[in-house]
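Participant:
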Amino acid sequence: MALHRIGITILFFYMRYSVQAVKNSESLVISVEPGEAVTLNCTLEGKSGEDVKMWYKQRLEHVPLEVGSQLEGKSAMISKEFGISKRFKINRIASGISLSIERVTKKDEGMYFCGSAGPNTLNFSTATFLAVTGQSDISVLQTPVQESVSPGEPVTLQCTVLSEIRAADLRVLWFRAAAGQSFPEIIYTHQNSSSRQCEISSSTSSSLYEFSKNILDHNHTGTYYCAVVVCGKIIFGNGTSVELSKCFCLFFKLSCLFLQDENAEELNCARQEDALYSVVRGSSVNDCRVTH
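Quick note on numbering: the sequence shown equals residues -21 to -1, 1 to 271 in mature numbering (1 follows the signal peptide of the UniProt record, and there is no 0).
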């Protein structure tokens, strides 16, 4: 009987509310030093004067927690867990709501996203990862800073980890953050020892991690982050921006032009992405179709 009642409740919720994810203009990753202040802005539009807007925080492998909420025309309410320190403030801004955190600490690190609830809808923004940097016994350096490739070509990213903690205790993740994503996507994990003892060494060691991927189209572009999870904290690298090359079609055109000869056949050189054609004469060339 209890199961039957639960099923009715879930069905009622599904029929009553439409849940949507809305792109937020805030950066996907924001880095701050301990002790600094930071403000996150959310541009969710309300549908009604009675809409309530909320902020949530989610740590890696934890469920989201409500930071606070505000009803139109009312004062903001900060949840008990975040209100004790009196460092969190929620304010209405043009077309949305902001979350300000004073005297940031390492415990404030995590994913932050906002939401709004109307009579029949629930809207959630894309998330922003708040990274708290500062002095650490771990340094993460990514190379290259930017990579531009043609569709279908591979890209190899490198992540150098300098640490006083044993390499076997480190868990290294690769994230991809792109516009339109609700959350950065975990795409690969380097699995080391499962002991997680957090043993401090007397010397600093260097470990190199590589990640290779074929960039087929725009769905594989974005900013790739290397992150190290150890001793209950996560340290992000500087990120590598991966994008499609904008000049590969010009290369094909020039190839055709350089291969001209007196007895050439007519060639149609096509740009793969949008089928833009340039008619030239040449003997033979890759990615060109010979016509008589």
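Here a beta-carbon is modelled for each residue, glycine too, at the ideal position from N, C-alpha and C.
Note that the structure is a prediction, hence the values are computed from the model and not measured.
(1) Could you check where the beta strand (DSSP E) with GLU132 kicks off and where it finishes?
(2) On the DSSP bridge list, what partners appear for ILE57?
(3) Within 10 angstroms of the Cβ of THR107, are there 16 or more other Cβ atoms? Answer buried if so, exposed if not.
(4) Can you list, in chain order, the residues of its chain whose CB lies under 7 Å from that of ASN20, leaving out five sequence neighbours each side?
(5) So for LYS65, helix, strand or coil by DSSP?
(6) Quick check on ASN217: does DSSP put it in helix, strand or coil?
(7) Roughly how many angstroms separate the alpha carbons of PRO43 and PHE92, rounded to a whole number?
(8) I need the boundaries of the beta strand (DSSP E) containing GLU126, first residue and last residue.
(9) What's the C-alpha gap between THR219 and LYS53?
(10) Can you tell me whether LEU7 is buried or exposed, with buried defined as 16 or more other CB within 10 angstroms of its CB?
(11) Hey, would you say VAL119 sits closer than 8 Å to GLY216, going by beta carbons?
(12) Looking only at DSSP bridge pairs, what is GLY97 linked to?
(13) Looking only at its own chain, which residues have a Cβ that is under 8 Å from the Cβ of GLY25, when we skip the five neighbours before and after it?
(14) What are the boundary residues of the beta strand (DSSP E) that includes residue 281?
(15) Quick one, which of ASN102, LEU109, SER104 has its alpha-carbon nearest LYS85's?
(16) Under the rule that 16 or more other beta-carbon atoms within 10 Å means buried, what is VAL46, buried or exposed?
(17) Skipping 5 residues on each side, what residues in its chain have a beta carbon closer than 6 Å to that of GLU222?
(18) Give the straight-line distance between the Cα atoms of GLU15 and GLY131, rounded to the nearest whole angstrom.
(19) What is the rounded straight-line gap between the Cα of LYS65 and the Cα of ARG38?
Facilitator: Looking at the atomic coordinates:
(1) Locating residue 132 in the sequence shown gives position 153, counting from the first residue. It spans 132 to 144 - the beta strand (DSSP E) in which GLU132 sits, taken as one unbroken run.
(2) Reading the sequence shown from its first residue, position 78 is the one you call residue 57. GLY47.
(3) Numbered from its first residue, the sequence shown carries residue 107 at position 128. By the 10 Å Cβ count, THR107 comes out buried.
(4) Against the sequence shown, residue 20 aligns to sequence position 41. Within the same chain, ASN20 has close Cβ partners GLU5, ILE72, GLY75, SER77.
(5) Taking the sequence shown and counting its residues from 1, one reaches residue 65 at position 86. Coil.
(6) Locating residue 217 in the sequence shown gives position 238, counting from the first residue. Of the three classes helix, strand and coil, the one that applies to ASN217 here is coil, per DSSP.
(7) Position 64 of the sequence shown, counted from the start, is the residue given in the question as residue 43. Position 113 of the sequence shown, counted from the start, is the residue given in the question as residue 92. Approximately 9 Å, taken between the alpha carbons.
(8) As a working mapping, residue 126 is identified with position 147 in the sequence shown. Segment 125 to 128, the beta strand (DSSP E) holding GLU126.
(9) If you number the sequence shown from 1, residue 219 lands on position 240. If you number the sequence shown from 1, residue 53 lands on position 74. C-alpha separation (whole angstroms): 42 Å.
(10) Here the question's residue 7 lines up with position 28 in the sequence shown. Looking at its Cβ environment, which holds 16 or more other Cβ atoms inside 10 Å, LEU7 is buried.
(11) Along the sequence shown, read from residue 1 onward, the residue named residue 119 stands at position 140. Along the sequence shown, read from residue 1 onward, the residue named residue 216 stands at position 237. Yes.
(12) Working through the sequence shown from its first residue, we reach residue 97 at position 118. Answer is none; GLY97 lacks a bridge partner.
(13) As a working note, residue 25 is residue 46 in the sequence shown. Residue placement at GLY25 cannot be trusted, given a pLDDT of 49 that sits under 50; the coordinates are not used to answer.
(14) Because the chain spans -21 through 271 in this model, residue 281 falls outside it and cannot be assessed.
(15) Here residue 85 is taken as the residue at index 106 of the sequence shown, counted from 1. Taking only the C-alpha atoms, the option nearest LYS85 is LEU109.
(16) Here residue 46 is taken as the residue at index 67 of the sequence shown, counted from 1. Buried.
(17) If you number the sequence shown from 1, residue 222 lands on position 243. For GLU222, where only same-chain residues beyond five positions count, the Cβ hits under 6 Å are SER127, THR200.
(18) Locating residue 15 in the sequence shown gives position 36, where the first residue counts as 1. Locating residue 131 in the sequence shown gives position 152, where the first residue counts as 1. Taking the straight line joining both Cα atoms gives about 43 Å.
(19) Locating residue 65 in the sequence shown gives position 86, where the first residue counts as 1. Locating residue 38 in the sequence shown gives position 59, where the first residue counts as 1. When rounded, the distance between both Cα atoms is 20 Å.
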